[in-house]
Each structure stands twice: as structure tokens, then as C-alpha cells.
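Novice:
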Amino acid sequence: MKEQKGFFLYILKNKLAIFIVVFLLAAVGYKLSFSIPKGVFPNVFFPRIEVSIENGYAPIKQMLFSVTKPSEEALKTVQDVEKIVSSTSIGSTDISLYFNWNIDPYLAYQLVQARVADIKNSIPSSASITIRQATPSIYPVSIYAIGSNSLSRAKLTEKLYYELKPVLLSIPGVYDIQIKAPAWSEYKLLLDAKKVRAYGLDVQTIIDQLKAQNLIEFMGLIEDYHKQYVLSLYQKSEDASKLLDLDIALPNQKSVKLSDIALLIERTNPVKATSAATGFKNSVVFNLLRQPNANAIDVAKKFDEKLKELAPALQKEDIKIVNYYDGTDFIKEAVNSVRDAIILGGIIAVLVVFFFLRQVKLSLVSLLVIPVTFLITMVGMKLGGIDFNIFSLGGMAAALGGLIDQMIIVIENIERHFKKGVSKQEAVIRGAKEILPIMAVATLLATLIFVPLLLVSGVVGLFFKQLAFVLVITYVISQVIAIFLTPIIAFVALPNEPKTKKDFMEPMVERYKRFLTKMMNHAWISIPILISAFVLSFFLYKTIPSTFLPKWDEGNVVVDMVLPPGTSLGQSKDEFMTVGKILDNTPEVKGWTLRIGTSLGQVSTQPNQGDFLVTLKKKRSRSSFEVIEQLRHEIEHAVPNLEELGLSQVLEDRLGDIMGADAPISVHLFGPNPDELIQQGYRLKEKLKPIKDVEEVNVLTSYASPAINVRLKDNALALYGINEQTLATQIRAMYYGRVVASVAQGEKLINIRVLMSRPRVDPIAYLQKELLVFSPKLGKNIPLNYVATITYKNKVAEITHYNLSPVCILGIRFMGNDMSAVVGHIKETLSSAKLPSDITTDISGFYKEQQQSFKEMGYVILFAIIIIFTGLLLNFSSLRTSFSILIALLVTLTGVFLALKLTGKPLDITAFMGMLIVLSIVINNNVLIYDFYHMNIAGDTDEKKRIVDAIAVRIRPVLMTMFSNAFALLPVALAIGSGTQIIQDMAIAIMGGLFFAIVVNLFVIPLFFYWLYLYRTKL
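The sequence shown begins at 20 in the numbering used here and counts up by one.
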């Protein structure tokens, strides 16, 4: 005891030094706060790696057997890969690898890179491979468009790529400028088919001679008069028109000028994707990507400053760059709204403290402690690698009331001793010595509650570990401040003599004591109350709607559209621009960007698929959800041939992409035949659409463009000297062409593509009936149908694999917040759908993550309760006390369910986190109450009086704790600002639990505790 007294005396003697240390740490935290990255979600690496393989317009079967299957089989053997999902379409294969959550993400990336290096040797050399690691930084910070009303998309692409991109990449924090659907200038050498045939020329002969004109090759070194020369064969021209002077060798040992049989024109390269933006005739959309550890807000600010600097020069060329989506707007709004909620909550908490203490000086000091504690917490965040996001700031908001309580409880206890007539210094020492040890125990138990969160896997685990980390750091720092700074604050803030004025709470406390003493004569009533509370909890748990994450208004809309398979890129653009006009006429819409053949989350899609990213005005009368409903109705009416239509928000879409969730609810159909799976998918779609609250059902594994297959006859080589390669070269020259050379203009290379002219007739009919091919054996042209058969396939199934097995995926979006009810109806529909026996189903998406998270969070709460109970037994060495506190904690959760029910909020993962936080707060009060009971156990023989006195002594700190914690979260619970919507349900859950805990701690549990005493004495 003397050692403790000496410790607090030492603190009082060195109060200036302690003040300096505390405020120095706060100053360090303030300085570090500017270097902590900001984002909506934590900037962490997810154990998911995407491998995208592009190979032009290679048919699906070719991609499947030459790219997808060898790649899947190789990547599946990478260490710690738990799941592999692939999607194969025309010219593209996308493979997603899901790793064990315990793997080092950098190691996973290196392992994939090493395996991809091996894969390159077993897939076509023309294929290009892109590897991406799933983090929030792989998605654009902002989306821009470079546009002009006079320049072509090709000229805009080249301006951006060759001139602007190098400048923009030099900005600190910029990782890449990702051009969506670029277009490049290209020379087309159009061969006159009639003249080529008249001269008896073969297309391959012309191609070979043109390729020779593209060579740059080292041939040797020459030394002359002390100088060294590099000898090279240099055939590459810097003027494409000079190629027209080339002499093409004829079969009769003569030649013909290329200009006599060909025409050179400048066009753009064949594209399978395009992009557009509102306000421009021609535009190219591009994304700004940041470095993983860069501050998104700082990067976007510097990027916009550089664009502003470049704008005058660009304007002279009739070029303008416009920001259509700024992800940092929502980041700033979300982070600032949570920050403002914390500030407002702090003020409310201080007002609560003032209401109970009626001391202006102490209340103002407590207002100062809040920013000091949070600033020191930022030092811990920086050391722990935690950034500012909704969840880390949510941890601060949840800890807000508690950190004031740490100080106020100590001061209240000091003041209680001061009123007994001892000196101020002695009151500070006695009060601190009495309360701080047990407060340290309570804080330890409160922090240990969050240890089981380590068991939670997936995205939920990553997000909530950040919230828990900040919460625990704040608790620990507030405890340290309570030990070192609070005694000094009390010594400075308290008057030299105790006030003789009667405390306003004393009459209420006396009335409460009489009421509780009287009710203890009927202590048995606590048993039916507790049983009723548990039954009510179970009933509410089963009946409250449940979902994965709460919905929030981001201020933007993503419109995903799929037109009928085979729709050309040009036709798709015309159809999509119809939707663009709808968006332009919607008053809430600020602007939009469009991608066709590519998307926000994918490198490549099909020409009939695309998406709009629509940015809404900040000042608008309707929410994003209301705008979405109107747009869905208008788009379905304006584009009746839509195959699929999906409307969502950016972050929801992005979160699903990171997690690998195709939709909020997805139905997987597994079977051996991809064609049959898609047919059953469309049949099932019609059965799922009428389900209540289902607003979208989309078949995400569908059909690609129709196919025309040319098969060489068995006798073609023997009779006509035509093999597969000869035939492919000749036909490709007519329908796509071949790049044979390029011309250099500075560092810019422009390709030259050889094409054979064909009549302006039906291209399919011409292919089937009129197309002539050159026969090397006969030395003349013959009809194609002499050497080949032609077949037509209207529907070619895209192929999706789940762990190498074919699957068809249906994506489902629903209205409201009761995901579980919708899934229940889906299960009923699936069971009655009469699917073929070789097709099995599974429900996935956010729903699967929800089920896993709920299960794991249930275990977390169970383990937290076990930890609390064990800690209580070790501290009090009393089963009766420990069991009573445990019952108090469990019954408190009834308040959580009641709050969710009364406010119409669903039970989601944030509400589960709210339960955990409620336990961490309520444990403090119970430990303080029953610690005082055990302190007086030898001083009073009347059990009833001991219980009542213990609660009466702690009633003010209990009420202050509950009210300050609860009301501090009021701004979040009211969803003031867009960012708070994400953690609104958590705040409501905490408030409900704390308000209910007041009744439980001050009425129900004291009766139960006394009933246990009576029951034990009867035994």
C-alpha cells in the first residue's frame, strides 16, 4: 500500500513532466496523422490473385484447350491455393486463385509469377498474360476521359499514351494510367482481289515479301581509322507510302509494283472494345491507379493539379481531360462524416459528464482528453500499419465514451474520498489507489474480449481486426492516461475545499436504495425476468431480418448491360448510347463514362457487354437507390432486347470483386455439359424472377458470339495443294488481315495490316458460295467449297470452371435487407425446379460470406464469454459473483436485438461487432460494482445492505458510463454523413445494449445475485 501511495505521490510531484510527455506524444500523433493513408475500406492484401490471358479473337474451344486447361492445371498446384475459378470466352481467359488466408500475399504473388513463367511455354506465343493482386489499390482512385470533338479516338489514345502518360506517371504515388479500350492508328494495305488473282499471286507470297521490308538486323562490326561502325540490315521504312514502290515477284519471273495491286489507307486497328464519356464526340476513358501504400487523397489532388497545369496547352489542340469519377470524394466525405460524428459524440459525452458532475472545469478537461487520447492512438495506428478507414474510425467512435469514463470514474472516486474530509492530495492518492487496480483488471478483460476475432477469416476478419485493434489501443492508452494523467487533472481541477452543497443525485440514490432493498424481498422475480429475456432474445434472433453488410448511399451507380450474343461493337455502342441519353435526361446525374468490351473490374469482356459508371450530383432530392429504381424501369423500356441488366454501386461492386462474390446472392449450377448448364440457367432464371423482393436475376455465364466453322476436306492437300495454314492465311486476309510490318515515327510505331478486298455483299453468303482461294498445285483460284465445308453455330457457350469443373452462375440482387428470407425462397424454388440429375446447385455470393461470418462471430462471442468468465473467476475467486456478471452480459444482448427490431435494422456483421463492443463496455461496470461489494464483505454482515451499498456507490459512474458511451454514438446511429451508414447498425446495436444494461445492472442482476445468496443459504 505504501508503495502505491508513493507511486501516486511521485506522479503529483512530477505533474509538469508528465504533462509534457503526454502532449509530446499527442504532437507526434498529430504529425503522423498526415502520413496515414485514407480509404473507405482497409488497404490490405487479400489472398486472391487474378491471371488474365488475352489472345485476340481465338475461338472459345481453342482458348479452352490451348490456354485455360493447361493454365488451370498448372496454377491449381501452386502452394496454398484453396480454390480456382476460371472464365473462358472468345480470346480471353480469366483465372482467379483463392489462397489460404494465412499465406503471405507477397509470397503468393511470387509463386503465381513463377508458375505463369512456366505456363508461357505451353500456351500460344501470341497470348499476353496480366497478373493482378486483389487489394483496394488495384481499383481506380479516379476515372477520367480525354475527349475531343475533332480528333479521333486513335489520336487521343496516342496523345495520352506517348505524351501525357510519361508525365503523369512521374507524380508521386501514381502506379499506372490504365487506358480502357485504346484505339491505335494503323495503315491498311488493301489488296485488289481481282488483280491479285489476275497476276496469279498468292497472298502468302505478298505477306512474306512485305515482312522482309520490316527487318532491322545486326550483321557485323567494321573498324576504320580508329572508329567502330555497327553494320546492320535496315529495311524498316519511316514512310509507309514507300512500300507501294515495292516490286512483287510474279510466278513468270516478272514483277509488279505493289501500288498496281494495292491501296494504302490510314485507319484504326481492329478493336474489340470501346469507351465513351458524356460531353464529347470522341473520348478515351482512363483510370488512375495508386501505389498500394500511397494516400489516395494526396495522389488524386496532385494528379488534378498536374492536369490543370497541362489544360491550356491541350485546349489549343481541342483536347480536354475531365474527371468523371473521383473515388476520393466518397473517401473524404465518409472519413470526414465519421470524424465529425466522433467530434459531435465527444461533445455529447462531455455534456453527459457535466450533467452528472455539475463541474465546468472537469467537463472541459474531459473534452481535452478526447483529442489527446486519439492523437496518441494514431501513433499506435502508424506503428501497426492501420490506415484511416470506416472501420478503424469506427473503432475510435466505439471507444469514445469509454475513454472519458476511464478518467471520470477515477475523478468521481477521488471526489468521493475528498467529500469525506481528507486533504485534496490524500483524496487523490486514496481514490486513485482504490479504483485504478480494479480498473486495470476491467480494461484487461475488455481488451481480451477481442482476442477471439483472430479466429474470424475472410474479408470480415480483416476489416474487424482493424476496428478491434484501434479500439484496444484506445482502451489501453486511456487506461495509461487514467493512471498517470487523471490524478494530476483531479488535483488541479478539484477545489481546495470540498463543496458543502448537496449533490443533486443523492436524493435519487436514496430513493433507489429503498426501492432496491424492498424489491430484494421478492428476489425470485429476477428468474422469470431473465428467462423471458433469453426467450425474447432467441425469438428476435430468429425473426429479425439478416444480411451481410448494411446498404449505404455512395452517390454513384454502376449500370451493367448485356445485349444478345453476337451483337457487333458498333451496334452495341448505338444501343448503349440510347441509355446514355436516358442518363443525360436524369436530373440527378452529373456525368457518366462508358466501357464496351471491357469493364470496371475486368480487362476484357465481349463486344455485347459493357457498363456505365454514373456519378450523381451531391445536391439531389433522391437517394442513389431511388435513382437506380427509376433507371432500371427506363432502361428496360428503352432497350427491350437486353439479355441482362444489373444496377449497383461502385464500392459494393468492388467489394464483391475483391471477395470473388459474383453478386449479393449467386446460384451455381454444376454439371458436365456447359451448354446444358446455360440452358438450365436461363430456365431457372424465369423461375427465380417472381420471388418476392428479388429485383434482378442475371445469367452471368452466357453465350458468346455465333461461330462460323470452316473445316478443310481430307483431299484438299492431295488435289489442290492447300493445307490448313494456307487456307487460314487466305481467309484471314479477307476478314481480318495480318500485321506484316510497321513504320517508325519517332518512338511511335504504326502497324501495317494487309487485307484482301471483297465485294460489298452479304459476307456470310460470299464465304459460303462465292469466295475463291488460290490453289498452289493448280496455280489458279478455285471456289472455297471445293476444299472446305462450312457450318454455322448460333450459340457458343462461354465456359466457367470452379475448381476445374464446369459451372453456370446466376447473379441475384434483392430489395430490402432480409437476405436470409430471400435465400429461403430461392432454396424452395431450386428444390422444385426439377433440374437434371447430373446437375447440382450451390448458393454463394455475399450470402455464403454472411453464413461463414455469422458462424465465426458466434464462436467469437462464445469464446469472449468464456474468457470473461475465466478472468472473473481469477479476479473474484467467487463462482456466484462470476456467474452473476456472466448472466448480466448475456441478458444485455437482448437490448441489442430489441434496438435492431425497433429501428427496423437487419442483423449483419457490423451488428455482431456491436455485440462484442457492448460486452467490453458492460464488463467494466460490473467489475467495478462487484469489486466494491467484495471490498466491504468483511465490514457488514447484512448481505442485502452490502449489495445495495455497492451498487449505490457505483451508480453514478455506471450511469455516466452507459449514457456517455451510448449518446456518444448517437450521430453515428442517426447516420449523419454517408460514411456513418456503413457502421450505423453497429452503433444502434451498441446503444440498445447499453441502455438495456442500465436496467439489467441496476435492477435485475442485483436481485438475481441476492437470490443466489438466498438459494445457497437454504442448501
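Glycine included, C-beta positions come from ideal geometry on N, C-alpha and C.
Under 7 Å, do Arg67 and Tyr117 count as touching if we go by C-beta distance?
Specialist: Yes, the Cβ-Cβ distance between Arg67 and Tyr117 is below 7 Å.
Novice: Starting from the C-beta of Asn813, find all residues in its chain whose C-beta is less than 7 Å away, skip the five residues before and the five after it, and write them out in chain order.
Specialist: The residues are Pro725.
Novice: Using C-beta distances below 8 Å, list every residue in its chain close to Leu250, excluding the 5 sequence neighbours before and after it, in chain order.
Specialist: Phe237, Met238, Gly239, Leu240 and Ile241, listed in sequence order.
Novice: Any idea what DSSP makes of Pro124, helix, strand or coil?
Specialist: Helix, per DSSP.
Novice: Could you give the C-beta distance for Ile831 and Ile684, rounded to a whole number, given that I count them as a contact under 8 Å?
Specialist: Indeed they touch by this definition, with Cβ atoms about 4 Å apart.
Novice: Assign Val70 to one of three DSSP states: helix, strand, or coil.
Specialist: In this structure, Val70 counts as strand in the three-state DSSP scheme.
Novice: Based on DSSP bridge pairs, tell me the residues matched to Trp571.
Specialist: Answer is none; Trp571 lacks a bridge partner.
Novice: Within the continuous alpha helix (DSSP H) that includes Arg1046, where are the two ends?
Specialist: Because the chain spans 20 through 1038 in this model, residue 1046 falls outside it and cannot be assessed.
Novice: Please go through the same chain and pick out, in chain order, the residues whose beta-carbon is closer than 8 Å to the beta-carbon of Glu655, but skip the five residues on each side of it.
Specialist: Counting only Cβ-Cβ distances below 8 Å, and skipping sequence neighbours, we find Leu661 and Leu664.
Novice: Put Pro2 into one of helix, strand or coil per three-state DSSP.
Specialist: The requested residue 2 does not occur in the structure, where the chain is confined to residues 20 to 1038.
Novice: Name the DSSP bridge partner or partners of Val826?
Specialist: Bridge partners of Val826: Phe689 and Thr819.
Novice: Tell me which residues share the same chain as Lys214 and place their Cβ nearer than 8 Å to its Cβ, disregarding the 5 neighbours each side in the sequence.
Specialist: Hits under 8 Å: Asp279 and Ile280.
Novice: Please decide whether Tyr560 counts as near chain C, where near means a Cβ-Cβ distance under 7 Å.
Specialist: Looking for chain C here will not work: only one protein chain is present.
Novice: Start and end of the alpha helix (DSSP H) containing Glu516?
Specialist: Per DSSP, Glu516 belongs to no alpha helix (DSSP H) and is neither H nor E.
Novice: By Cβ distance below 7 Å, which residues in the same chain neighbour Glu453 in space, the five residues on each side in sequence not counted?
Specialist: Closer than 7 Å at the Cβ level, and outside the excluded window around Glu453, lie Asn432.
Novice: For the region 224–279, list the beta strand (DSSP E) runs that are entirely contained and at least 3 residues long, ordered along the chain.
Specialist: As far as the region 224–279 is concerned, its whole beta strand (DSSP E) runs of at least 3 residues are 235–243, 246–253, 266–268 and 274–276.
Novice: Taking the alpha carbon of Leu263 as the point to measure from, which residue in Pro289, Ala1016, Gln232 and Asp950 has its own alpha carbon closest?
Specialist: Of Pro289, Ala1016, Gln232 and Asp950, the residue nearest in Cα terms is Gln232.
Novice: Work out the CA separation of Asn894 and Asn943 for me, nearest whole Å.
Specialist: Those two C-alpha atoms are separated by around 13 Å.
Novice: I think Ala987 touches Ala202, with their Cβ atoms under 8 Å apart; what is that distance to the nearest whole Å?
Specialist: That pair is no contact at about 55 Å.
Novice: Using alpha carbons as the reference points, say which of Phe931, Val528, Pro143 and Val59 lies closest to Thr347.
Specialist: Closest by alpha carbon: Val59.
Novice: Rounded to the nearest angstrom, how far is the Cβ of Gly923 from that of Phe1015, given a contact under 8 Å?
Specialist: Between Phe1015 and Gly923 the Cβ distance is about 18 Å, and since that is not below 8 Å, they are no contact.
Novice: Going by DSSP, what residue range makes up the beta strand (DSSP E) through Val792?
Specialist: Val792 -> beta strand (DSSP E) spans Leu791 to Ser794.
Novice: Is the beta carbon of Val718 sitting closer than 7 Å to the one on Lys704?
Specialist: The answer is yes: Cβ separation under 7 Å.
Novice: Which same chain residues end up closer than 6 Å to Gln310 when comparing Cβ atoms and leaving out the 5 residues on each side of it in sequence?
Specialist: Cβ within range, chain order: Gly192 and Tyr194.
Novice: Use the C-beta contact count for Asn148: other C-beta atoms within 10 angstroms, 16 or more gives buried, fewer gives exposed.
Specialist: According to the sequence displayed, residue 148 carries Ile and not Asn. The residue is buried, with at least 16 neighbouring Cβ atoms inside 10 Å.
Novice: Count the other C-beta atoms from every protein chain shown that fall within 10 angstroms of the C-beta of Tyr722, then say buried if there are 16 or more, exposed otherwise.
Specialist: Buried.
Novice: Which same chain residues, not among the five before or five after Met397, have their C-beta less than 6 Å away from its C-beta?
Specialist: Same-chain partners within the cutoff: Gly48, Leu51 and Ser52.
Novice: Can you tell me whether Ser382 is buried or exposed, with buried defined as 16 or more other CB within 10 angstroms of its CB?
Specialist: Buried.
Novice: Using a Cβ distance threshold of 8 Å, determine whether the region 300–309 contacts the region 159–175, with at least three qualifying pairs required.
Specialist: Verdict: yes, contact present.
Novice: Can you have a look at Leu774 and say buried or exposed, based on whether 16 or more other CB atoms are within 10 angstroms of its CB?
Specialist: Leu774 is buried by the Cβ-count criterion.
Novice: The ligand MN and Ile1002: does any heavy atom of the ligand fall closer than 6 Å to the residue's C-beta?
Specialist: Ligands are entirely absent from the displayed structure, and the ligand MN is therefore not among its contents.
Novice: Closest to Lys57 by CA distance: which of Asn271, Arg358 and Ile885 is it?
Specialist: Checking every option, the nearest Cα to that of Lys57 belongs to Arg358.
Novice: Pop quiz: Ser983 and Val372 are said to be a contact at Cβ under 8 Å. What is the actual Cβ separation, rounded to whole angstroms?
Specialist: Going by Cβ atoms, the distance from Ser983 to Val372 rounds to 6 Å, so yes, they are a contact pair.
Novice: CA-CA distance, Leu481 and Pro782?
Specialist: If I take the Cα positions, the gap works out to 55 Å.
Novice: Locate the beta strand (DSSP E) running through Val102, then write down its first and last residues.
Specialist: As written in the sequence, residue 102 is Lys, which differs from the Val given in the question. Note, Lys102: beta strand (DSSP E), Val100 to Ser108.
Novice: Kindly indicate which residue of Phe488, Leu797, Thr929 and Asp113 has the alpha-carbon position closest to the one of Pro270.
Specialist: Selected option, being the one with the closest Cα: Leu797.
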